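Written out below as structure tokens is the structure these notes cover.
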Amino acid sequence: MSWWTDQVLRLIQTNLTVKDIDLDRNRLIDNLKRFHANTLLLNVGGVVSFFPSRLSCQNPLDKHKDLVGEMVELCRQNGIRV
């Protein structure tokens, strides 16, 4: 069976804005655990991106920060799907 049929889906959805590039990643993970969430729906950008991008139509908020990559890795380390 697939993971989504073997357990209750407990999903938290973000609505990141420009100021969230400096989001406290560990605090978000702690909150997900406190709410017993097993899935994070993470918005990743549109006109601006929360990850390094080479697309001319997309402006990375900070070329040295990869919020999406860091959150995916932290979630994986904590058994949370993204």
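Position 2, counted from 1, in the sequence shown is what the numbering used here calls 333; the numbers after and before it change by one each time, with no gaps. Even glycine gets a Cβ: it sits at the ideal position worked out from N, Cα and C. This structure is a prediction, so every number in the text was calculated from the model and none was measured.
Helix, strand or coil: how does DSSP classify Q408 here? helix
field: Cβ separation of R365 and L405, assumed to be a contact under 8 Å, to the nearest whole Å
entry: Not really, about 15 Å apart at Cβ, beyond 8 Å.
Please classify L340 as buried or exposed, where buried requires at least 16 neighbouring CB atoms within 10 angstroms.
exposed
### Reduced DSSP category for T345 - H, G, I as helix; E, B as strand; rest coil
coil
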